[in-house]
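Remarks on the structure that follows.
Protein chains: 2
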Amino acid sequence: MADEAADLGEALRRQADTVRRLKQEKANPEEVAEQVAKLLELKAQLGTDEGKHKFVLKTPKGTRDYNPKQMAIREKVFDIIISTFKRHGAEVIDTPVFELKDFDIAGQFDPMIPDAECLKIVHEILSGLQIGDFLIKVNDRRILDGMFAVCGVPDSKFRTICSTVDKLDKATWEDVKSEMVGEKGLSPEAADRIGEYVQLHGGLGLIEQLLQDPKLSQNKLAREGLGDMKLLFEYLTLFGIADKISFDLSLARGLDYYTGVIYEAILLQPQNAHKEEPVSVGSVAGGGRYDGLVGMFDPKGRKVPCVGVSIGIERIFSIMEQKVEASEEKIRTTETQVLVAAAQKKLLEERLKLISELWDSGIKAEMLYKKNPKLLNQLQYCEDTGIPLVAIVGEQELKDGVVKLRVVATREEVDVRRENLIEEIKRRTCQP
Amino acid sequence: MADEAADLGEALRRQADTVRRLKQEKANPEEVAEQVAKLLELKAQLGTDEGKHKFVLKTPKGTRDYNPKQMAIREKVFDIIISTFKRHGAEVIDTPVFELKDFDIAGQFDPMIPDAECLKIVHEILSGLQIGDFLIKVNDRRILDGMFAVCGVPDSKFRTICSTVDKLDKATWEDVKSEMVGEKGLSPEAADRIGEYVQLHGGLGLIEQLLQDPKLSQNKLAREGLGDMKLLFEYLTLFGIADKISFDLSLARGLDYYTGVIYEAILLQPQNAHKEEPVSVGSVAGGGRYDGLVGMFDPKGRKVPCVGVSIGIERIFSIMEQKVEASEEKIRTTETQVLVAAAQKKLLEERLKLISELWDSGIKAEMLYKKNPKLLNQLQYCEDTGIPLVAIVGEQELKDGVVKLRVVATREEVDVRRENLIEEIKRRTCQP
Numbered sequence: 001m002a003d004e005a006a007d008l009g010e011a012l013r014r015q016a017d018t019v020r021r022l023k024q025e026k027a028n029p030e031e032v033a034e035q036v037a038k039l040l041e042l043k044a045q046l047g048t049d050e051g052k053h054k055f056v057l058k059t060p061k062g063t064r065d066y067n068p069k070q071m072a073i074r075e076k077v078f079d080i081i082i083s084t085f086k087r088h089g090a091e092v093i094d095t096p097v098f099e100l101k102d103f104d105i106a107g108q109f110d111p112m113i114p115d116a117e118c119l120k121i122v123h124e125i126l127s128g129l130q131i132g133d134f135l136i137k138v139n140d141r142r143i144l145d146g147m148f149a150v151c152g153v154p155d156s157k158f159r160t161i162c163s164t165v166d167k168l169d170k171a172t173w174e175d176v177k178s179e180m181v182g183e184k185g186l187s188p189e190a191a192d193r194i195g196e197y198v199q200l201h202g203g204l205g206l207i208e209q210l211l212q213d214p215k216l217s218q219n220k221l222a223r224e225g226l227g228d229m230k231l232l233f234e235y236l237t238l239f240g241i242a243d244k245i246s247f248d249l250s251l252a253r254g255l256d257y258y259t260g261v262i263y264e265a266i267l268l269q270p271q272n273a274h275k276e277e278p279v280s281v282g283s284v285a286g287g288g289r290y291d292g293l294v295g296m297f298d299p300k301g302r303k304v305p306c307v308g309v310s311i312g313i314e315r316i317f318s319i320m321e322q323k324v325e326a327s328e329e330k331i332r333t334t335e336t337q338v339l340v341a342a343a344q345k346k347l348l349e350e351r352l353k354l355i356s357e358l359w360d361s362g363i364k365a366e367m368l369y370k371k372n373p374k375l376l377n378q379l380q381y382c383e384d385t386g387i388p389l390v391a392i393v394g395e396q397e398l399k400d401g402v403v404k405l406r407v408v409a410t411r412e413e414v415d416v417r418r419e420n421l422i423e424e425i426k427r428r429t430c431q432p
Numbered sequence: 433m434a435d436e437a438a439d440l441g442e443a444l445r446r447q448a449d450t451v452r453r454l455k456q457e458k459a460n461p462e463e464v465a466e467q468v469a470k471l472l473e474l475k476a477q478l479g480t481d482e483g484k485h486k487f488v489l490k491t492p493k494g495t496r497d498y499n500p501k502q503m504a505i506r507e508k509v510f511d512i513i514i515s516t517f518k519r520h521g522a523e524v525i526d527t528p529v530f531e532l533k534d535f536d537i538a539g540q541f542d543p544m545i546p547d548a549e550c551l552k553i554v555h556e557i558l559s560g561l562q563i564g565d566f567l568i569k570v571n572d573r574r575i576l577d578g579m580f581a582v583c584g585v586p587d588s589k590f591r592t593i594c595s596t597v598d599k600l601d602k603a604t605w606e607d608v609k610s611e612m613v614g615e616k617g618l619s620p621e622a623a624d625r626i627g628e629y630v631q632l633h634g635g636l637g638l639i640e641q642l643l644q645d646p647k648l649s650q651n652k653l654a655r656e657g658l659g660d661m662k663l664l665f666e667y668l669t670l671f672g673i674a675d676k677i678s679f680d681l682s683l684a685r686g687l688d689y690y691t692g693v694i695y696e697a698i699l700l701q702p703q704n705a706h707k708e709e710p711v712s713v714g715s716v717a718g719g720g721r722y723d724g725l726v727g728m729f730d731p732k733g734r735k736v737p738c739v740g741v742s743i744g745i746e747r748i749f750s751i752m753e754q755k756v757e758a759s760e761e762k763i764r765t766t767e768t769q770v771l772v773a774a775a776q777k778k779l780l781e782e783r784l785k786l787i788s789e790l791w792d793s794g795i796k797a798e799m800l801y802k803k804n805p806k807l808l809n810q811l812q813y814c815e816d817t818g819i820p821l822v823a824i825v826g827e828q829e830l831k832d833g834v835v836k837l838r839v840v841a842t843r844e845e846v847d848v849r850r851e852n853l854i855e856e857i858k859r860r861t862c863q864p
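Residue numbers (this note's numbering), protein chains in the order written: chain E, 1 to 432; chain F, 433 to 864.
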């Protein structure tokens, strides 16, 4: 390792000589830029760090430690989720559990309006996360109960048969049927009738079809559930999200708890030409309508309809982390927009004055903590940390009343009048 | 209580009749508005709630439960603190302790540059919180040690005498002196010499004066500390914050830990004409220079100079809460910008279409979950929750291609063309 560093050091010195010579010779700017780039690469390999620094802000958010990269991903996810909920009028309460509850304390809300909003929220969150294609399955407990009744399932077996149906996303129909008949004592005929229903999924068309179904339409509960499902799909169409929602008669989650609409959002694997349908890679959100108790507000502890959404945060984090790893996307761990740099020595005061102006205008800015840092080291620091802009103070620039603004990615440099600098940085970093 | 409600109900009915009659008579709009306002007040007293709802978002931020009002204050405080640190290039790490550390891993940073930035950060945070007037006291361990030496304190007594000096913000000089002499065995002469120094506080002038001080200027450590203090004040002047910083020789916090500059931010009580100086109501931030170990990066575990800031979050929260209580300021617990309301019945679909457009443009919007809510109830909901704007959909407005935008505070109403509505709401709520 020491030898390697010495070799690198020698290469670095030689490359620095080349750059110096080219500059003295006033060589072609493109050639100079190319040689400077090589020099920066060598410096990066050697890990020189003149006045580099690192602020680390520790916040009391949890008990587990995450590294800055993980935290950056977690922050992005939280930001999208929380801003979506706030866009829908949510209050934030500080508890160890992440969940959303939709209360109507005194009045009753009209059917399906809050349910549709919850699905819109899930749709906005999953779209915002850009986590891949997704589908939200919906069903209704009343439709499931009605279906079991018309298929000839005894009342006492509703719950246990329901939990078998819920295995359909992982098991085949044959396995599910054999559990129903073998373990749970259902007649093979009843099981087959269930089998015909639970393979159905679709949208408004399927709802209309089932409202005409000779058996199901005779059941009061099922009719109620299907009527509300139709209303829900009408609202989802108005929201422009019906294409991502699938009415799916095999969805049977948490029926001990939910009393009406239930839903579950799943991520889909990228579509494959050899497969007919995209494959689910797991549930990332779910919820439904349940009877809440409003004991806190109502001394009689009356039941009040509630709609809940919960987001599978940890699952989303690990999918996002995997995605970042796979894409080799560089995740920045700071949000710094601009490095304030000096082109020559003895410009510390000018750097301090400029950076103070930038901070006071809300711009995220850093500078190296050296009195006279080398320009190359300042540029290298931006390459390492992903800072997109450099505001370079130089003697000539000071005389001209300008600051040289360098775009790190393209190496483009432009003189900006000092009084326009803040506006220009905001414009280039899309900060309002 | 029941009688009271009945009386209120009767008053409400009578007031509603009055409003109805005035409207039929096409009375003077100002008179109608006045009577409607009375009606709204009565409704508020009765607490009618037609389709009112409440989203509650629970986040896994901590273990203690706060109510929505407390959370709104905590969120505001956190937002200001974290955005300030991020403006200065901080990474965020998730741990149970809130503190900031300023690492220079391989190189040494030049004197006082990061120290000045830490003071700028504290200044930005306390200004941003608008928590009242404040002062940041600074001192340096080397100045204190030099001062003890020239006053004739034996080396072995530096630490214990220092901890007595630290009591000066709560005790009188007489009490402090008697502890030094009586309990700690210092000579009264040495104590008196300390007494002369520790009552000094000021800025660059005081530093210059002490650099000329016949005793202190003979001490190498004190000279070093004063030289750096001068540099620090020059940087603070460039940052435009020197007027809030006081070089105070009685500041002696945490000297077992800090090795150079130390500082402490205190809030000041409102100035009183009868008092000569504002009185401190306690420390809200502090920090200083210390020797960190960089074991993680340096196998030899070498010492590396670090500058730390810690913010007294819980203290700031309780001061902010008290301030809100005292001012009777209404703290909103949601951020909703606009309520989408209907002027007549049968406009649910139009409300759903409009609110969906608003959400998709990033506007925070709510609607009541009733199919046909009364306009009065919709307006009352805004009064109760502090929503500033109402976008009213009506039959005539639909025909004209406009939406009526109502400013809740002024009751001003203006027709806005549908295609300009989003821009107009953003303009009025200062959302970029």
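For every residue, glycine included, the Cβ atom is placed at its ideal position computed from N, Cα and C.
Give the straight-line distance between the Cα atoms of residue i and residue j, rounded to the nearest whole angstrom.
| i | j | result |
| --- | --- | --- |
| F/Lys-803 | F/Glu-761 | 34 angstroms |
| F/Pro-546 | F/Leu-648 | 26 angstroms |
| F/Met-503 | F/Gln-754 | 14 angstroms |
| F/Gly-692 | F/Arg-685 | 11 angstroms |
| E/Arg-315 | F/Glu-549 | 39 angstroms |
| E/Asp-169 | E/Ser-178 | 16 angstroms |
| F/Glu-845 | F/Val-835 | 10 angstroms |
| F/Gly-614 | F/Gly-714 | 28 angstroms |
| E/Ile-313 | E/Gly-89 | 21 angstroms |
| E/Gln-344 | F/Asn-571 | 33 angstroms |
| E/Leu-347 | E/Ile-425 | 21 angstroms |
| E/Lys-184 | E/Ser-163 | 11 angstroms |
| E/Thr-59 | F/Val-741 | Interpretation of E/Thr-59 is limited by its pLDDT of 46, a score under 50 that renders its predicted location unreliable; no figure is taken from the coordinates. |
| F/Tyr-690 | F/Tyr-667 | 21 angstroms |
| E/Ala-265 | E/Arg-14 | 59 angstroms |
| F/Arg-859 | E/Phe-148 | 54 angstroms |
Compute every distance between the C-beta of residue i and the non-hydrogen atoms of the ligand COA, then say whether any falls below 7 angstroms.
| i | result |
| --- | --- |
| F/Ile-677 | What this structure holds is no ligand at all, so the ligand COA is not there to describe. |
What residue range is occupied by the uninterrupted alpha helix (DSSP H) comprising residue i?
| i | result |
| --- | --- |
| F/Phe-510 | 500-519 |
| E/Leu-135 | Counting along the chain, E/Leu-135 falls outside any alpha helix (DSSP H), though it belongs to the beta strand (DSSP E) covering 134-140. |
| F/Gly-672 | Looking at the DSSP string, F/Gly-672 is not in any alpha helix (DSSP H), and its letter there is neither H nor E. |
| E/Lys-426 | 421-428 |
| E/Lys-323 | 313-327 |
| F/Ala-841 | Here F/Ala-841 belongs to no alpha helix (DSSP H), and DSSP marks it neither H nor E. |
| E/Val-176 | 173-178 |
| E/Ile-392 | No alpha helix (DSSP H) holds E/Ile-392; the beta strand (DSSP E) holding it covers 389-393. |
Among the residues of its own chain, which have a CB less than 7 angstroms from the CB of residue i, if the five just before and after it don't count?
| i | result |
| --- | --- |
| F/Leu-632 | Leu-638 and Leu-681 |
| F/Asp-577 | Phe-590 and Leu-653 |
| F/Ala-622 | Cys-583, Gly-584 and Val-585 |
| E/Lys-167 | Val-176 |
| F/Gly-627 | Trp-605 and Lys-609 |
| F/Val-630 | Val-597, Leu-600, Leu-681 and Ser-682 |
| F/Thr-669 | none |
| E/Glu-395 | Gln-344 |
Where do the N-terminal and C-terminal ends of the beta strand (DSSP E) with residue i fall, by residue?
| i | result |
| --- | --- |
| F/Thr-765 | Counting along the chain, F/Thr-765 falls outside any beta strand (DSSP E), and DSSP gives it neither H nor E. |
| E/Glu-413 | 413-417 |
| E/Ile-161 | Unbroken run through E/Ile-161 is the alpha helix (DSSP H), 158-165; no beta strand (DSSP E). |
| F/Glu-696 | 690-700 |
Skipping 5 residues on each side, what residues in its chain have a beta carbon closer than 6 angstroms to that of residue i?
| i | result |
| --- | --- |
| E/Ile-80 | Gly-128 and Leu-129 |
Item checked: Under 9 angstroms (Cβ pairs) to chain F, residues found in the region 206-238 of chain E -> Look at the region 206-238 of chain E: the residues with a C-beta under 9 angstroms from a C-beta of chain F are Glu-234, Tyr-235 and Leu-238.
### Task
Quick one: which residues of the region 306-329 of chain E get their C-beta closer than 9 angstroms to a C-beta of chain F? List them in chain order.
For the region 306-329 of chain E, the beta-carbon criterion of a distance under 9 angstroms to any beta-carbon of chain F is satisfied by Ile-313.
Pair every Cβ in the region 349-365 of chain E with every Cβ in the region 311-322 of chain E, then say whether three or more of these pairs are closer than 8 angstroms. No, the region 349-365 of chain E does not touch the region 311-322 of chain E.
*Would you be able to state if there are at least three C-beta pairs under 8 angstroms between the region 820-837 of chain F and the region 136-156 of chain E?*
Output reads no: the region 820-837 of chain F does not touch the region 136-156 of chain E.
If we count Cβ pairs, one from each stretch, closer than 8 angstroms, do we get three or more for the region 366-380 of chain E versus the region 556-564 of chain F?
-> Fewer than three pairs of CB atoms, one per stretch, sit closer than 8 angstroms, so the region 366-380 of chain E makes no contact with the region 556-564 of chain F.
**Message:** Give me the subset of the region 763-784 of chain F whose CB atoms are less than 8 angstroms from a CB atom of chain E, sorted by chain position.
**Reply:** From the region 763-784 of chain F, only Thr-765, Thr-766, Glu-767, Thr-768, Leu-780, Glu-781 and Leu-784 have a Cβ closer than 8 angstroms to chain E.
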